[in-house]
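Single-structure report; data block below.
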Ligand code: FES
Ligand code: FES
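Residue numbers (the working numbering), protein chains in the order written: chain A, 1 to 163; chain B, 164 to 958.
Have a look at this one:
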């Protein structure tokens with residue numbers, strides 16, 4: 001089948017098998033390999049992307065179901081390497097990553113959290129990220145990054161209000 | 164303004180920009196021209212003869228290019244996977260080392276053993292075809308536990324290994340230990356299980372083989388911690404490809420933890436298949452496949468005894484361990500429960516004599532090899548559980564018994580009775596600092612508060628020491644290593660003064676691109692941003708032994724430091740020529756060459772530029788160019804150590820153990836980048852706590868299946884399982900590494916399991932509990948509480 005959807009603000013039309021997973025579509029067909037696959041039981045969260053602004057595990061999403069929808073992947077967060085999303089900056093500033101494999105999923109999940117809850121507590125961050133496994137960092141610096149990213153986003157929106 | 168960022172700073176990591184923007188380059192991300200896809204058919208049986216394999220139907224499926232079996236590889240003279248470290252038994256005989264074919268030949272020895280490899284145009288086609296391969300198995304009785312495998316009448320896994328005993332190994336003075344036990348006032352005995360773990364780096368393994376017939380050139384992209392070693396082992400010993408015709412690339416790798424420091428069958432199979440078929444062949448491991456094909460870790464059963472005198476002073480220790488090797492020997496398998504285990508049994512204590520015997524045993528399980536800590540967490544667990552139990556039995560405070568027996572700081576260098584000599588350390592300093600930070604004094608109050616809420620609270624401590632910085636080649640050679648364990652670094656100074664470093668270690672999360680750049684920035688005065696670190700490609704990097712055993716900074720960083728010395732010397736020679744001064748008078752400081760006592764000076768970039776414009780060089784004595792290489796072989800292991808204290812709270816209604824507070828004080832020697840060191844400790848502690856509370860690779864004795872074979876059943880530590888930790892360094896300087904570094908990658912994993920279990924036992928002590936096996940899962944704890952009668956009494 002042919003599907004058309006918005007991916008990182010651009011319209012994309014592709015031919016896919018309806019049973020293709022979105023994680024495969026992104027990685028294999030569209031060559032956006034920032035979305036990672038870390039398991040085959042929807043447990044790890046390495047594959048998290050945004051569907052209409054909300055985080056979803058792309059390894060459980062069928063390509064046929066995203067026709068007409070809006071997707072965003074980690075590649076669609078930054079304007080450029082010197083125009084990073086505040087959450088990307090926060091992860092970098094707070095050593096919120098080591099090998100980087102879980103990082104795209106962590107970023108996408110964290111941004112969804114902060115969209116819903118602009119000022120999360122440490123406990124809320126830890127609970128929200130329960131579905132994202134990181135084997136390297138021990139999570140402490142990821143939590144610190146998310147809190148810092150949330151703060152930066154609040155500061156930015158306050159700036160916007162004043163402007 | 165570009166700046167020097169040197170030792171002790173915590174700059175943002177160089178590698179992070181590509182990772183946070185989704186532009187990492189992992190093996191699974193790589194596409195090659197003319198690439199086909201392979202999948203493995205794996206054994207569903209723990210132990211079976213292969214009577215026949217019928218591939219005819221699979222071969223007829225659309226898109227299928229080939230189906231290979233072990234016989235096909237054998238017919239092509241493909242060798243077995245080699246073992247990199249051999250050991251010898253008590254009787255002086257070498258270990259039993261049966262062949263390990265990349266695809267099973269005639270017999271399968273564990274669930275997951277590869278039986279065939281299908282290559283097709285797409286993964287889906289290969290998967291569909293694999294299902295049509297007919298394997299006629301004759302199942303055999305199997306055995307999954309090391310102790311059981313040694314029983315008379317146990318199923319025999321190899322004809323040539325009677326009783327499944329790979330090696331009966333020992334270390335220490337048995338007679339002296341026996342004599343000391345005779346004189347003891349008190350003997351503490353414990354039985355421990357150090358359970359099997361599955362390392363599970365978040366990036367599953369993957370490999371792409373490629374063959375360029377026109378140039379006779381083979382390439383392998385692989386998720387490896389040591390590409391040069393794979394080139395050596397696979398090229399020379401398995402496939403017979405000369406080193407200069409084989410390129411091995413390990414690009415960005417998503418975590419290793421030991422799991423990726425072995426030469427795996429799949430690497431050889433894709434490389435060989437690509438040679439047969441032309442083009443590239445790609446294999447990407449599924450997570451559930453990784454559970455039954457990645458080498459596992461730990462799996463010890465141990466009996467240990469400690470002899471003490473009336474004052475609670477340690478007299479001697481006796482340890483017997485059964486170590487499970489699985490169905491084949493993995494690359495370093497036999498070395499882990501022997502050479503990396505028994506030499507650490509002295510811990511940070513004075514123990515006059517120690518004897519350890521290890522029975523290294525084949526079973527019908529996935530091969531077992533190094534996993535973060537590798538032998539040293541197992542040793543620490545034995546020592547610290549023994550010490551805690553002895554304290555309890557003799558009525559001595561757990562901190563007091565440790566202090567009483569610790570190696571005094573002034574006794575360093577300290578020769579243990581088990582081979583190793585610790586060069587430096589301050590265990591008492593670490594312990595006292597950790598007690599202060601953990602507010603041990605306030606524990607009684609916190610315990611009462613928990614009790615008032617119907618919860619049990621316990622406090623546990625563990626000290627540790629590890630041998631890392633693998634490894635002094637001479638010593639390793641005496642212990643059976645089949646290769647050297649030095650490291651190499653090449654410092655290439657460009658005419659602009661910018662620097663490219665080519666180094667043989669491998670970065671898969673440790674931040675080498677940052678830390679190594681800091682070393683060069685400090686030594687050469689070159690701005691941090693003008694330095695790039697290259698690793699992971701045998702066509703670019705001269706040689707290297709890779710990354711494991713907390714060796715990268717210790718051995719690789721020292722090689723880099725040594726190469727920097729050579730650059731400075733060469734720069735001084737060029738400067739001496741330019742200044743028309745004597746070499747002895749030219750000094751290099753803060754990025755500037757100058758002549759002492761004069762105002763003549765030139766910057767590092769000026770001398771770098773001059774090196775490449777040698778119009779007036781005296782060519783007999785001064786070569787053009789500014790590039791130097793060094794190999795560094797350490798003279799001893801390094802011995803990081805420390806003290807970890809944790810507090811747990813247990814809910815008797817659910818059996819859940821909640822980690823409430825965790826304090827770590829670690830001696831890692833000189834710290835180059837404090838942010839990265841702390842990150843390594845945080846991650847290491849979570850892995851160690853994972854072992855203590857959650858993780859368990861469980862085999863079903865009846866079926867021989869791995870029961871915890873996915874993230875649904877194997878409990879990985881998650882964000883909401885932890886509080887923030889308090890982590891502080893308490894460093895002494897390593898006396899033999901040039902920068903005083905000791906390494907930090909494994910500390911967290913080594914110190915934490917015993918600290919947590921000691922805390923759990925402390926919490927349940929009112930119920931008469933003196934030991935809890937790992938993992939202290941809710942089910943296990945709930946049962947302990949409910950069988951103790953405490954519930955009945957309370958209700
Ligand atoms: S890949 Fe693991 S949850 Fe999607
Ligand atoms: S940074 Fe490696 S898995 Fe999270």
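All C-beta atoms, glycine included, are put in the ideal place defined by N, C-alpha and C.
Legend entry - Inter-residue Cα distance where the pair is residue 870 of chain B and residue 465 of chain B: The count along the second chain starts at 1 and reaches residue 870 of chain B at position 707. The count along the second chain starts at 1 and reaches residue 465 of chain B at position 302. Whole-angstrom Cα-Cα distance: 23 Å.
Inset, instruction - Give the interface partners of residue 450 of chain B over in chain A, defined as CB-CB distance under 9 Å, in chain order. - result: Here residue 450 of chain B is taken as the residue at index 287 of the second chain, counted from 1. The answer, in chain order, is 37, 38, 39, 40, 41, 43 and 44.
Inset, instruction - Confirm the yes/no value for this check: CB of residue 101 of chain A, any heavy atom of ligand 2, distance under 7 Å. - result: Counting from one through the first chain, the residue named residue 101 of chain A turns up at place 101. Taking the Cβ of residue 101 of chain A as the reference point, at least one heavy atom of ligand 2 falls within a distance shorter than 7 Å.
Legend entry - Cβ distance (whole Å) where residue 81 of chain A is taken to contact residue 184 of chain B below 8 Å: Residue numbering aside, residue 81 of chain A sits at position 81 when the first chain is read from its first letter. Residue numbering aside, residue 184 of chain B sits at position 21 when the second chain is read from its first letter. Between residue 81 of chain A and residue 184 of chain B a beta carbon distance of about 7 Å is seen, short of the 8 Å cut, so the two are scored as contacting.
Inset, instruction - Could you tell me if residue 569 of chain B is buried or exposed, where buried requires 16 or more neighbouring beta carbons within 10 angstroms of its beta carbon? - result: Sequence index remark: in the second chain, residue 569 of chain B carries index 406 (1-based). With 16 or more other Cβ atoms within 10 Å, it is buried.
Inset, instruction - May I ask you to report which of helix, strand or coil DSSP gives residue 83 of chain A? - result: In the first chain, the residue the question calls residue 83 of chain A occupies position 83. Correct three-state label for residue 83 of chain A: strand.
Inset, instruction - Starting from the N-terminal side, write out each stretch of the alpha helix (DSSP H) that is 4 residues or longer and does not extend beyond the segment 180-253 of chain B. - result: Under the rule that a run must span 4 or more residues, the alpha helix (DSSP H) segments found entirely inside the segment 180-253 of chain B read 219-222 and 233-238.
Legend entry - Coil, strand or helix - residue 480 of chain B by DSSP: Position 317 of the second chain holds residue 480 of chain B. It is a strand residue.
Legend entry - ligand 1 heavy atom lying under 7 Å from the CB of residue 42 of chain A: Counting from one through the first chain, the residue named residue 42 of chain A turns up at place 42. Answer for residue 42 of chain A: yes, Cβ within range of ligand 1.
Inset, instruction - Starting from residue 529 of chain B, follow the alpha helix (DSSP H) in both directions and report where the run begins and ends. - result: Reading the second chain from its first residue, position 366 is the one you call residue 529 of chain B. That residue, residue 529 of chain B, is in no alpha helix (DSSP H); it is neither H nor E in DSSP.
Legend entry - residue 275 of chain B and residue 456 of chain B closer than 8 Å at C-beta: Taking the first residue of the second chain as 1, we reach residue 275 of chain B at position 112. Taking the first residue of the second chain as 1, we reach residue 456 of chain B at position 293. Going by C-beta atoms, residue 275 of chain B is nearer than 8 Å to residue 456 of chain B.
Inset, instruction - Using only alpha-carbon positions, find the residue among B:731, B:940, B:800 and B:770 that is nearest to residue 742 of chain B. - result: As a working note, residue 742 of chain B is residue 579 in the second chain. Cα-wise, what sits closest to residue 742 of chain B is B:770.
Inset, instruction - Would you decide whether residue 815 of chain B is buried or exposed? Buried here means 16 or more other CB atoms lie within 10 Å of its CB. - result: As a position in the second chain, residue 815 of chain B is number 652, starting the count at 1. A buried status is given to residue 815 of chain B, since no fewer than 16 other beta-carbon atoms sit within 10 Å of its beta-carbon.
Legend entry - Neighbour list for residue 320 of chain B in chain A, Cβ cutoff strictly below 7 Å: Along the second chain, one-based indexing puts residue 320 of chain B at 157. Under the 7 Å cutoff, chain A gives no residues; its nearest Cβ is about 30 Å from residue 320 of chain B.
Legend entry - Among B:445, B:382, B:366 and B:434, the one whose alpha carbon lies nearest that of residue 423 of chain B: Counting from 1 along the second chain, the entry for residue 423 of chain B is found at position 260. Among B:445, B:382, B:366 and B:434, the Cα nearest to that of residue 423 of chain B is on B:366.
Legend entry - Closer than 7 Å: residue 368 of chain B CB and nearest ligand 2 heavy atom: Reading the second chain from its first residue, position 205 is the one you call residue 368 of chain B. Residue 368 of chain B Cβ: outside cutoff for every heavy atom of ligand 2.
Inset, instruction - Compare the beta carbon distance of residue 961 of chain B and residue 555 of chain B with 8 Å and say whether it is the shorter of the two. - result: Given a span of 164 to 958 for chain B in the structure shown, any question on residue 961 of chain B remains unanswerable.
Inset, instruction - Per DSSP, which residues does residue 995 of chain B bridge with? Please list them. - result: Limits of chain B in this structure are 164 at one end and 958 at the other, which puts residue 995 of chain B out of reach.
Legend entry - Beta-carbon contacts of residue 7 of chain A that lie in its chain and below 6 Å, excluding the five residues immediately before and after: As a first step, residue 7 of chain A is located in the first chain; it is residue number 7 there, counting from the start. Within the same chain, residue 7 of chain A has close Cβ partners 71.
Inset, instruction - With residue 349 of chain B as the anchor, note down where its alpha helix (DSSP H) starts and where it stops. - result: The count along the second chain starts at 1 and reaches residue 349 of chain B at position 186. Segment 349-360 is the beta strand (DSSP E) holding residue 349 of chain B; no alpha helix (DSSP H) there.
Inset, instruction - In angstroms with no decimal places, state the Cα-to-Cα distance between residue 702 of chain B and residue 113 of chain A. - result: Stepping through the second chain from its first residue, residue 702 of chain B is reached at position 539. Stepping through the first chain from its first residue, residue 113 of chain A is reached at position 113. When rounded, the separation of the alpha-carbon atoms in residue 702 of chain B and residue 113 of chain A is 44 Å.
Legend entry - Assumed close pair residue 318 of chain B, residue 310 of chain B - CB separation to whole angstroms, cut-off 8 Å: Numbered from 1 along the second chain, position 155 holds the residue referred to as residue 318 of chain B. Numbered from 1 along the second chain, position 147 holds the residue referred to as residue 310 of chain B. That belief does not hold up - the Cβ atoms of residue 318 of chain B and residue 310 of chain B are roughly 14 Å apart, past 8 Å.
Inset, instruction - Could you pull out every unbroken beta strand (DSSP E) segment of at least 3 residues lying fully inside the segment 875-945 of chain B, listed in chain order? - result: Inside the segment 875-945 of chain B, DSSP marks whole beta strand (DSSP E) runs of 3 or more residues at positions 889-892, from first to last along the chain.
Inset, instruction - State the DSSP-derived secondary structure class of residue 345 of chain B, mapped to helix, strand or coil. - result: Position 182 of the second chain, counting from 1, holds the residue named residue 345 of chain B. Reduced to three states, the DSSP call for residue 345 of chain B is helix.
Inset, instruction - Just the C-alpha distance for residue 430 of chain B and residue 37 of chain A, rounded to the nearest angstrom, thanks. - result: Numbered from its first residue, the second chain carries residue 430 of chain B at position 267. Numbered from its first residue, the first chain carries residue 37 of chain A at position 37. In a straight line, the C-alpha of residue 430 of chain B is about 20 Å away from that of residue 37 of chain A.
Inset, instruction - Taking the CB atoms as reference points, tell me whether residue 141 of chain A and residue 94 of chain A lie closer together than 8 Å. - result: Counted from its first residue, the first chain places residue 141 of chain A at position 141. Counted from its first residue, the first chain places residue 94 of chain A at position 94. Judged by beta-carbon spacing, residue 94 of chain A lies within the 8 Å limit of residue 141 of chain A, meaning their Cβ atoms are closer than that value.
Legend entry - CB contact below 8 Å: residue 138 of chain A versus chain B: Translated into positions along the first chain, residue 138 of chain A becomes position 138. Interface with chain B (8 Å Cβ-Cβ cutoff): residue 138 of chain A is included.
Legend entry - Nearest-angstrom Cα separation, counted from residue 491 of chain B out to residue 244 of chain B: Start at 1 with the first residue of the second chain, and residue 244 of chain B comes out as number 81. Start at 1 with the first residue of the second chain, and residue 491 of chain B comes out as number 328. Counting only the Cα atoms, residue 491 of chain B lies some 10 Å from residue 244 of chain B.
Inset, instruction - Pull up the distance between the alpha-carbon of residue 636 of chain B and that of residue 216 of chain B, whole angstroms please. - result: The residue given as residue 636 of chain B occupies position 473 in the second chain. The residue given as residue 216 of chain B occupies position 53 in the second chain. Rounded to the nearest whole angstrom, the CA to CA distance from residue 636 of chain B to residue 216 of chain B is 45 Å.
Inset, instruction - Take residue 239 of chain B and list the residues in its own chain whose beta-carbon comes closer than 6 Å to its own, dropping the five residues that flank it on each side. - result: Taking the second chain and counting its residues from 1, the one referred to as residue 239 of chain B is at position 76. Within its own chain, no residue has a Cβ closer than 6 Å to the Cβ of residue 239 of chain B once the five positions on either side in sequence are excluded.
Legend entry - Residue of B:672, B:654 and B:673 minimising C-alpha distance to residue 664 of chain B: Residue numbering aside, residue 664 of chain B sits at position 501 when the second chain is read from its first letter. Looking at the Cα atoms, B:654 is the closest of the given residues.
Legend entry - Reduced DSSP secondary structure (H/G/I, E/B, other) of residue 499 of chain B: What you label residue 499 of chain B is simply residue 336 of the second chain in a count that begins at 1. It is coil, neither helix nor strand.
Legend entry - chain A residues whose Cβ lies nearer than 8 Å to that of residue 363 of chain B: For this step, residue 363 of chain B is matched to residue 200 along the second chain. What residue 363 of chain B touches in chain A, judged by beta-carbon distance under 8 Å, is 135, going in chain order.
Inset, instruction - Would you please verify whether the beta carbon of residue 675 of chain B is less than 8 Å from any beta carbon of chain A? - result: Position 512 of the second chain, counted from the start, is the residue given in the question as residue 675 of chain B. Cβ-Cβ to chain A under 8 Å: no for residue 675 of chain B.
Inset, instruction - Identify, in the order they occur along the chain, each residue of the same chain with its Cβ nearer than 7 Å to the Cβ of residue 546 of chain B, setting aside the five sequence neighbours on each side. - result: Here residue 546 of chain B is taken as the residue at index 383 of the second chain, counted from 1. The answer, listed in chain order, is 508 and 510.
Inset, instruction - Sort B:251, B:592 and B:173 by Cα distance to residue 640 of chain B and report the nearest one. - result: As a first step, residue 640 of chain B must be located in the second chain, where it is residue number 477. Looking from the CA of residue 640 of chain B, the closest CA among B:251, B:592 and B:173 belongs to B:251.
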